[in-house]
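**Q** Okay, so the sequence shown: first residue is 1 according to full-length UniProt numbering, each after it adds one.
We put the beta carbon where it would ideally sit given N, CA and C, even for glycine.
No experiment lies behind these values; they were computed from the predicted model shown.
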Amino acid sequence: MLELLVAGLRDAFTLSEREQSVAHSLLFGRNSYAIATRLGIDERRVLQDIQDLLAKTSTDDREALMRVALRLAGERERADAPIHRAPGPVHSHANAGPDAPASCSTVSRSRYAGAWPAANDRRLRAAD
1 MLELLVAGLR DAFTLSEREQ SVAHSLLFGR NSYAIATRLG IDERRVLQDI
51 QDLLAKTSTD DREALMRVAL RLAGERERAD APIHRAPGPV HSHANAGPDA
101 PASCSTVSRS RYAGAWPAAN DRRLRAAD
């Protein structure tokens with residue numbers, strides 16, 4: 001999940017490899033000391049990297065960065081999701097096939113078609 005969040009930030013803000021690593025660690029909940037230890041760099045450098053990342057993403061803190069990352073990941077997921085089409089109208093044409101003309105007549109079918117009994121059904125006739 002964190003990879004998706006960081007990927008959204010990376011694509012939206014063109015993050016460097018270091019910024020991606022810092023973003024991943026921040027979103028994971030690590031503090032600056034833990035990030036510095038993980039990356040093998042000085043903690044002061046990590047603090048500067050965090051400030052640069054927050055400035056680049058126009059956020060003020062870890063929570064705001066998480067909100068932006070979640071929004072971007074959601075947009076990315078919706079963009080990548082396949083489009084599921086509902087059953088549409090039935091197209092009919094006498095000359096159906098690859099040579100059929102572009103102007104085919106469209107016949108709409110109600111989803112309730114056939115759901116109601118016919119008016120002449122014996123059960124519905126008034127008893128004499």
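1. Are the Cβ atoms of L54 and D60 separated by less than 8 Å?
2. So, for F28: in the same chain, excluding its five sequence neighbours on each side, which residues have a beta-carbon less than 8 Å away from its beta-carbon?
3. Please classify G8 as buried or exposed, where buried requires at least 16 neighbouring CB atoms within 10 angstroms.
4. Would you call D49 buried or exposed, if buried means 16 or more other Cβ atoms sit within 10 Å of its Cβ?
5. Quick one: Cα of A79 to Cα of Y33, how far?
6. Which residue from T37, S16 and L65 puts its Cα closest to that of L26?
7. Please report the residue range of the alpha helix (DSSP H) in which A50 lies.
8. Three-state secondary structure (DSSP) at T59?
9. Using the Cβ count rule (16 or more neighbours within 10 Å means buried), how would you classify E17?
10. Within the same chain, show all residues whose beta-carbon is closer than 7 Å to that of F13, passing over the 5 residues directly before and after it, in chain order.
11. Using DSSP with H/G/I as helix, E/B as strand and the rest coil, what is G29?
**A** Result, derived from the coordinates:
1. yes
2. L2
3. buried
4. buried
5. 37 Å
6. L65
7. Just to set this straight, residue 50 is Ile in the shown sequence, not Ala. From DSSP, the alpha helix (DSSP H) with I50 extends over E43 to K56.
8. coil
9. exposed
10. In its chain, beyond the 5 residues on either side, K56 and T57 have a beta carbon closer than 7 Å to the beta carbon of F13.
11. coil
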